[in-house]
Amino acid sequence: MNRRGLDDLFTRVRAEERTAFLPFMTAGLPSPDRTVECFEAMADAGADAFEVGIPYSDPMMDGPTIQLASARAIEHGMTLKGGFDVLRRVVEATGKPSLAMSYANPVFRLGPDEFARRAADAGAAGLIVADLPLEEATPVAEACDRSGIGLVLFAAPTTQDGRLERIAARAPVFIYGVAELGVTGERDEQSDHPRTLAKRIRAITDVPLVMGVGIGTPEQAEALAPYVDGISWYAGLWLLTTRFRRSLPRPAPWPTPFPSPDHLWIGGLSDEWTSRFGCLTWEGTERYPVGPVIHNEPRIETSRANPSSSFSAPSWGHDFRQLQSYLAGDIHLPGEEWPGANHGVEVV
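Position in the sequence shown counted from 1, then plus 1332, gives you this note's numbering.
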């Protein structure tokens, strides 16, 4: 896909007298596969195009929401190459025109031509460089033209009319209108800045206008829709998923006090303990509780191989991982004759 995908989109939404929805998501969060699945879900829900954020360590235009998303994606191993791979998979999976979104540092470090070429090879229809001023846009714009993708330029409420004219003359694939001054993120209330900016841009140029930055609720987006060709939104999506996660029931607390030694005998666990916390089992009927540190020393009978054999839990106590390693044969205690690994240890 190339710039024509976005040009055709804006021609179509104008003919249909509606506003395009261009959601943004950071590549690699929570994982590359999940990122693609999220874009697929948004496509199924009616999104028209996508902004695929390539994580950057110093996203100065972004507020806490996207800063955190970028940091987590980088911690999970996302790279520039990985970001382009996610972009390619999103385009292949959804068939929607998609833009790569990054910052000037990665673009100029790699080189505008190489960056634009990689974006185009990944199927991008356009490129957003969040901190690219008009005065430094020429090499990036020319690189995008050579690769057949469109460059997006920004306009803020404080942008003067003369500068808006120069932005329009650069023929961006669309103008990204900054709805509110400041970094990206939701706002409790919205000023009249975005509507005023949209009217000023409309009076100067017919270049498509997409509004973002500071749009935090569906109601705010709906109020702006009649003035623009598209709405870009991210913080609200992040907050929606975050609030959903926080609304989920909390795990049941550990019982207090810790179960008595009677509960720790294999085959002698209380129904309450096993139903609430599960057990560790292997081939047979033996059970051991999945729980916190065990400080008791129960004698544990086993029916494997030699029904009369037995062993004692180590006196220093062990947590679940240590117990699992012990049963799997990874830990060997002096004098014990436990058969070792390959016992089909599993959590149920």
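Glycine included, every Cβ here is placed at the ideal spot set by N, Cα and C.
Nothing here was measured: the structure is a model prediction, and the numbers come from that model.
Problem set entry | Contact under 9 Å by Cβ, residue 1342 with residue 1506 | Going by C-beta atoms, residue 1342 is nearer than 9 Å to residue 1506.
Exercise. When you compare each of 1524, 1562, 1510 and 1500 to residue 1535 by their alpha carbons, which one comes out closest?
Worked result: Among 1524, 1562, 1510 and 1500, the Cα nearest to that of residue 1535 is on 1500.
Exercise. Grouping DSSP H, G and I as helix and E and B as strand, with all else coil, what is residue 1487?
Worked result: DSSP places residue 1487 in strand when its eight states are reduced to three.
Exercise. What residues match up with residue 1479 in a beta bridge as DSSP calls it?
Worked result: Per DSSP, residue 1479 has no beta bridge partner at all.
For this session: Check the DSSP bridge columns for residue 1563 and list the partner residues they point to.
Result: Beta-bridge pairing links residue 1563 to 1353 and 1543.
Exercise. What first and last residue would you give for the beta strand (DSSP E) that runs through residue 1433?
Worked result: Where residue 1433 is concerned, the enclosing beta strand (DSSP E) stretches over 1430-1434.
For this session: Would you kindly check if the distance between the Cβ of residue 1457 and the Cβ of residue 1335 is under 9 Å?
Result: Yes. Within cutoff.
For this session: Whole angstroms is fine: what's the gap from residue 1525's alpha carbon to residue 1424's?
Result: Near 37 Å, if we compare the C-alpha coordinates of residue 1424 and residue 1525.
Problem set entry | Stretch pair the stretch 1427-1447 + the stretch 1371-1386: three plus CB contacts closer than 8 Å | Short answer: they touch.
Exercise. Using the rule of at least 16 other Cβ atoms within 10 Å of the residue's Cβ for burial, across every protein chain shown, is residue 1692 buried or exposed?
Worked result: Residue 1692 lies beyond the stretch modelled for the chain, which goes from 1333 to 1680, so this question has no answer here.
Problem set entry | Contacts around residue 1473, its chain only, beta-carbon distance under 7 Å, and the 5 residues preceding and following it disregarded | 1483 and 1502.
Problem set entry | Residues sharing a beta bridge with residue 1385, DSSP | Partner(s): 1358 and 1433.
Exercise. Out of 1397, 1466, 1428 and 1460, which has the shortest C-alpha to C-alpha gap to residue 1373?
Worked result: The option with the nearest alpha carbon to residue 1373 is 1428.
For this session: Return yes when the Cβ of residue 1419 is within less than 9 Å of the Cβ of residue 1430, no when it is not.
Result: Yes, these two residues count as a Cβ contact at 9 Å.
Exercise. Using the rule of at least 16 other Cβ atoms within 10 Å of the residue's Cβ for burial, across every protein chain shown, is residue 1509 buried or exposed?
Worked result: By the C-beta density criterion, residue 1509 is buried, having at least 16 other C-beta atoms within 10 angstroms.
Problem set entry | Own chain residues within Cβ distance below 8 Å of residue 1480, not counting five before or after | Here the set comprises 1334, 1335 and 1452.
Problem set entry | Spatial distance of residue 1357 from residue 1397 (CA atoms) | Answer to the nearest angstrom: the Cα atoms are 11 Å apart.
For this session: Give me whichever residues DSSP pairs with residue 1412 in a beta bridge.
Result: None; residue 1412 has no bridge partner.
For this session: Measure the C-alpha to C-alpha separation of residue 1560 and residue 1337 and round it to an integer number of angstroms.
Result: Separation of residue 1560 and residue 1337 (C-alpha to C-alpha, rounded to the nearest whole angstrom) is 18 Å.
Exercise. Can you give the beta carbon distance from residue 1539 to residue 1504, rounded, assuming they're within the 8 Å contact cut?
Worked result: Contact annotation, residue 1539 with residue 1504: C-beta distance approximately 6 Å; criterion of less than 8 Å satisfied.
Exercise. Is the Cβ of residue 1488 closer than 9 Å to any Cβ of chain D?
Worked result: Judged by its chain identifiers, the structure shown contains no chain D, having just a single protein chain.
Problem set entry | Cutoff 6 Å; reference residue 1444; Cβ partners in own chain excluding five residues on either side | Cβ neighbours of residue 1444 within its own chain (closer than 6 Å, five residues either side excluded): 1471, 1472 and 1475.
Exercise. Which residues in the same chain as residue 1364 place their Cβ atom closer than 8 Å to its Cβ, once the five residues preceding and following it in sequence are excluded?
Worked result: The residues 1410, 1414, 1417, 1418 and 1421, in chain order, have a CB closer than 8 Å to that of residue 1364 in the same chain once the five nearest residues on each side in sequence are set aside.
Problem set entry | Integer-rounded CB distance, given that residue 1511 should sit under 8 Å from residue 1562 | In fact, because the Cβ distance is near 12 Å, the residues do not count as touching under 8 Å.
Exercise. Anyone know if the C-beta pair for residue 1459 and residue 1486 falls short of 9 Å?
Worked result: In this structure, residue 1459 sits away from residue 1486, with a CB-CB distance that is not shorter than 9 Å.
Exercise. Which residues bound the alpha helix (DSSP H) around residue 1341?
Worked result: That run of the alpha helix (DSSP H) goes 1335-1347.
Exercise. Which value, in whole angstroms, describes the spacing of the CA atoms of residue 1353 and residue 1447?
Worked result: So the alpha carbons of these two residues sit roughly 26 Å apart.
For this session: Determine the DSSP secondary structure at residue 1443, reduced to helix, strand or coil.
Result: Under the three-state reduction of DSSP, residue 1443 is assigned to coil, being neither helix nor strand.
Problem set entry | Separation of residue 1537 from residue 1497, as counted between CA atoms | Roughly 8 Å separates the two Cα atoms.
Exercise. Can the beta-carbon of residue 1541 be found closer than 9 Å to that of residue 1530?
Worked result: Yes; because the gap between Cβ atoms is below 9 Å, this pair is in contact.
For this session: Keeping to the same chain, check which residues put their C-beta closer than 8 Å to that of residue 1345; ignore five residues upstream and five downstream.
Result: Answer for residue 1345: 1351, 1352, 1380, 1561 and 1562, listed in chain order.
Exercise. Run through DSSP, which three-state label would residue 1510 get?
Worked result: Here DSSP, grouped into helix, strand and coil, assigns residue 1510 to strand.
For this session: Just the C-alpha distance for residue 1495 and residue 1533, rounded to the nearest angstrom, thanks.
Result: The C-alpha of residue 1495 lies about 11 Å from the C-alpha of residue 1533.
Exercise. Between residue 1360 and residue 1550, what straight-line distance do the alpha-carbon atoms span, to the nearest angstrom?
Worked result: Looking at the two C-alpha atoms, the distance is approximately 25 Å.
For this session: State the CB to CB distance for the pair residue 1355 and residue 1565, rounded to an integer number of angstroms; the pair is presumed to be in contact (CB under 8 Å).
Result: About 6 Å separates the beta carbons of residue 1355 and residue 1565, which is inside the 8 Å limit, making them a contact pair.
Exercise. Can you name the start and end residues of the beta strand (DSSP E) that residue 1459 belongs to?
Worked result: Run containing residue 1459: 1458-1461, per the beta strand (DSSP E) assignment.
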